[in-house]
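Chains B and G, in that order, give the protein sequences. Oh and the first sequence: position 199 is 199 in UniProt numbering, straight run, nothing missing. Oh and the second sequence: position 300 is 300 in UniProt numbering, straight run, nothing missing. Each residue gets a CB set at the ideal place from its N, CA and C atoms; glycine is no exception.
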Amino acid sequence: MASSKKLISREEWEKRLNNVKIRKEDMNKLVMNFLVTEGNVEAAKKFRMESGTHPDIGLATITDRMAVKKAAQCGNVKDAIEKINDLNPEILDTNPQLFFQLQQQRLIELIRNGKVEAALEFAQEELAPRAEENQSFLEELERTISLVAFEDTSNCPVGELLDISQRLKTASEVNAAVLTSQSNEKDPKLPSLLKMLIWAQNKLDKKAAYPCINDLSNARLEDPTF
Amino acid sequence: MPSATVNKPRPSELLSRLTSAEPEVKVRALREVKNQIIGNRTKKLSFLKLGAVPAVAGILADSIDDVTENNNCNNTNNFLVQSAAALGSFACGFDAGVQAVLDAGAFPNLLRLLANPNEKVVDAVARALRMIYQSKLAPKYDFLQQKNMEFLISLLNSEKETVSGLGASIITRSCETNLEQKALFDAGILRKLNSLLEGGSLSQRDASLESLATVFRNNPEVISKFAGPEIGRPLSSIIDLAKDRYPRTRLLACMCLIVIRNASPHFLQDIGIKTKLIHILLELLDDPGQVGDEAPFAFSSLIAQKEDLQKLALEANAIDKFHHHIKKGSLHPRRYEGILLALADMCSKLESCRSKFLSLQVLNLVADALTDYNAGVRAAACICLKSVTRSIKNLSAGYFMNETIVIPLVQLFLDPSTSVQVAALGATSNIVVDFTTRKSIFVQCGGMKQLVQLAKSMESSVRSNALWALKNFVFQADNRLKEGVFSELTASLLSSLIRDPEPSVQEQALALVRNLVDGCINLIEFVFAEDGLILGAIGRQLQCASKAEIGIQGMYALCNVASGNEFHREAVMQLLFTQMGDKNQSFVVKFLQSNDSQLRTATVWTIVNLTCPSSPGAPCRLEKLRNAGIVSQIKNMVNDPCVDVKVTIFFIFRICFLFASLFWLT
């Protein structure tokens, strides 16, 4: 069966790849940007020493941000809130969505530790007024409170709130908010580039058969097939 | 590890710790207050009521003294940072907080602290000041004073984002007059803002866009100087930012471009930029946050009163997009209000837009919004209805006079908010101009009675709008309806409204009478009810009419009365000749000499009706008019620029010919 797709051999492909010149400095910048945005200070410091690449953000600010993120990841929400407020009180004052999410996480931690009475009191005093100010929070509040009603939380419809992933989600939102407040990009560039690679390959798939990368973790070229 | 503590100190307890002698206790309490109020409006209010703000402001003031005495630096800085942050949080988006901070005298202290050597202190203070300047209550900044301008420039030149951001906020809040805008331009501020636009960080770019828009507003001179010799370049950086990756930047850039467009006829007029702006704003609607909430307002400012833009927006499927968003439901009230107002602007002039609106069945969604819990949304829904109901085609078909719309609309007549009442009345005024025989629906759901009640409101805008609606309601209505309105109103109420202190109310009341007596001769009896209360009121009001519109409506009312029988005509004559002051001149001559052509027209028509040859008393009345110099005045108007007047005058001449002897004697 004749195919309208062009076939590109491995040899030809590798030749084309080698012809594209990418500067080492640019690649280093990408790596540094990733380490810094994700908040890996030690690795960033080491990398700076080894490669001589300068980070876009001061490494000192990263430490502050990482303390916030870590507190959130461990479920120490009150601590995280206090740290953000020390860093920049405007963040939570001007971001009701984020503030609600953090308070919601506090509620979840209270429920997780079986402190039902305290949880209800907290919901009443801290979260209910937020829901009054903004009706979209009401639904979330009700979902969270319903956790209290279930004996077996592993099987309940809102059980995912107790999952560790909820904490990580909150922590990541907090990290993004701090980055944005520091006028930094909240997303590292590297994942976006990988997404572009996959998109480009998908587009090219329609027109040609060529050695493509299927496993991003090892970036091995696989031979073209029809 | 769980961290929630339940044994929180009560607010009053915390407050007393703020005045503790021990610095440790004090600073911990201060930090706790700060952490409790951030993000929590309810707590801000309760701490405010307990007097927290003066206490915190006091700590700030004391710490400044400590700084000057060089006491324990670290501790002092900590106090400064925490108290400034707490004050800033009280002021953040909370007007009562701003007022309290200003009342506590913290403002001058905060300003002084901008010069503090410690970075964290300066950051906290700059933020607090910026929160204050985001409020309408912020003290007015006098740009015209030299040292103030220098201070502002120093702020903008600062390396610190928080400080340059403060400088921009001051401009955005305080710059109001053309003089101030020019002063800012002359001091080179715009060049500085432009450099922040091109080389600054995200927040600096955003702040700069807002400030530039403020300086450009309604000032074509400053705009053309800015776009200056390097024509296009500064504007092109703003245009580029309209395509920026951050939604907020895109919105602010669009708003800046719209300000430029609206102020100056020379810039940004080509169809390319118009289309681009429309598309960017419509796309920003998809943003789930504050940017999406504000986008429809920016859209309104772009298209309002501009048919060419409304047409372009229609082609860009704007109405479909707005419809799509409203349909989704659970909108933030600000966004809901914005979209309704944008739809109102879209349908304000073009029938094609109204047709599209109606064909998509958006009307039902707008009718739902009439019962929304938010007053701004209810008012916006009414304003939207008012625009759509300008469609004569659909009014004639009786499309709007149905219960789905009329019942909730009439309920809004009793709305606690005056602006909602007025907006509802505006929509009603259009809807009741119904050319079918369905006006009775309005009576049945109590609308007419409500309007009469509103005509007695304490608010003059409510009175005049209620009368407007009644005026439209009785326009060419059948006798039964008119009688119903009149008996509900009563002669005494109507005559007192004619003599209302507010000119706009007088005008509408007279217009209502005009419409009431128009048509059947029996209706003219209204003005004679209760010893001629209404007729008398008209006469007195015409003698001291403060503006032409009042004269016009009054004369047309008299004109209609004079179209009745002899008794009616004689009554009008008597009214015209009641003396006023020492002038000995009837207001008729004054009206005939008016600059307003409508007023002249109304007056000559009245004279035609008075001297109509078929009536036995006509010659007598014509004689009286001649003696009062009115006929000669009319003869002078033979070349009146207004066609209506000229044509009517020739009627009068014909009449005069019929009574030839009288004519030649003039």
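Put simply, the CB of residue 92 of chain G is near chain B, with a gap under 7 Å to one of its CB atoms. When DSSP assignments are scanned along the stretch 314-400 of chain G, the uninterrupted stretches of alpha helix (DSSP H) that are 4 or more residues long and fall wholly within it turn out to be 318-328, 333-346, 351-359, 362-369, 375-388, 392-396. Not a single C-beta of chain G is nearer than 7 Å to the C-beta of residue 137 of chain B. Around the beta carbon of residue 255 of chain G, 16 or more other beta carbons lie within 10 angstroms, which makes this residue buried. Remark: three or more beta-carbon pairs, one from each stretch, lie closer than 8 Å, so the stretch 139-148 of chain B and the stretch 101-118 of chain B are flagged as touching. In this structure, the beta-carbon distance from residue 214 of chain G to residue 171 of chain G falls below 7 Å.
The criterion of a C-beta distance shorter than 7 Å is not satisfied by residue 128 of chain G and residue 61 of chain G. Of the other Cβ atoms in all chains shown, fewer than 16 fall within 10 Å of the Cβ of residue 124 of chain B; this residue is therefore exposed.
CA-CA distance, residue 503 of chain G to residue 173 of chain B, rounds to 58 Å.
Contact between residue 422 of chain G and residue 375 of chain G fails: their C-beta atoms lie close to 12 Å from each other, not under 8 Å.
Exposure of residue 647 of chain G is indicated by the presence of fewer than 16 other C-beta atoms within 10 angstroms of its C-beta. As DSSP reads the structure, residue 55 of chain G sits in no beta bridge. The beta carbons of residue 136 of chain G and residue 94 of chain G sit no closer together than 7 Å.
Between residue 561 of chain G and residue 527 of chain G, the gap from beta carbon to beta carbon is short of 7 Å. If you draw a 10 Å sphere on the C-beta of residue 531 of chain G, you find fewer than 16 other C-beta atoms in it, and that means exposed. For residue 184 of chain G, the closest of G:168, G:198, G:199 by C-alpha to C-alpha distance is G:168. In the three-state reduction of the DSSP assignment, residue 38 of chain B falls in the helix class. At a C-beta separation below 7 Å, residue 89 of chain G has these neighbours in chain B: 89, 93. Contact check for residue 292 of chain G against residue 285 of chain G passes: the beta carbons are separated by less than 7 Å. In terms of Cα proximity to residue 82 of chain G, the closest of G:123, G:48, G:105 is G:123. The stretch 47-101 of chain B contains no complete beta strand (DSSP E) run of 3 or more residues. Rounded to the nearest whole angstrom, the CA to CA distance from residue 145 of chain G to residue 180 of chain G is 10 Å. At the C-beta level, residue 257 of chain G and residue 206 of chain G stay beyond 7 Å of one another.
The three-state secondary structure of residue 133 of chain B, taken from DSSP, is helix. Pairing residue 208 of chain B with residue 380 of chain G, the inter-Cα distance amounts to about 56 Å. In this structure, the beta-carbon distance from residue 601 of chain G to residue 592 of chain G does not fall below 7 Å. Closest by C-alpha distance to residue 101 of chain B, out of B:74, B:87, B:140, B:120, is B:140. Residue 93 of chain B has its alpha-carbon roughly 16 Å from the corresponding atom of residue 131 of chain B. Spanning the alpha carbons of residue 427 of chain G and residue 383 of chain G requires a straight line of approximately 7 Å.
A Cβ-Cβ distance of about 20 Å is found for the pair residue 611 of chain G and residue 552 of chain G, leaving them out of contact under the 8 Å criterion. Within chain B, the C-beta atoms nearer than 7 Å to that of residue 202 of chain G come from 183, in chain order. Residue contact check for residue 99 of chain B against chain G: a CB pair falls below 7 Å. Counting only unbroken stretches of 4 or more residues, the alpha helix (DSSP H) elements lying wholly within the stretch 630-656 of chain G are 630-635, in sequence order. Each residue's CA atom was taken as its position, placing residue 305 of chain G and residue 149 of chain G some 37 Å apart. In this structure, DSSP gives residue 559 of chain G a helical state, which the three-state scheme calls helix. Taking every protein chain shown into account, the CB of residue 586 of chain G has 16 or more other CB atoms within 10 angstroms, so this residue is buried.
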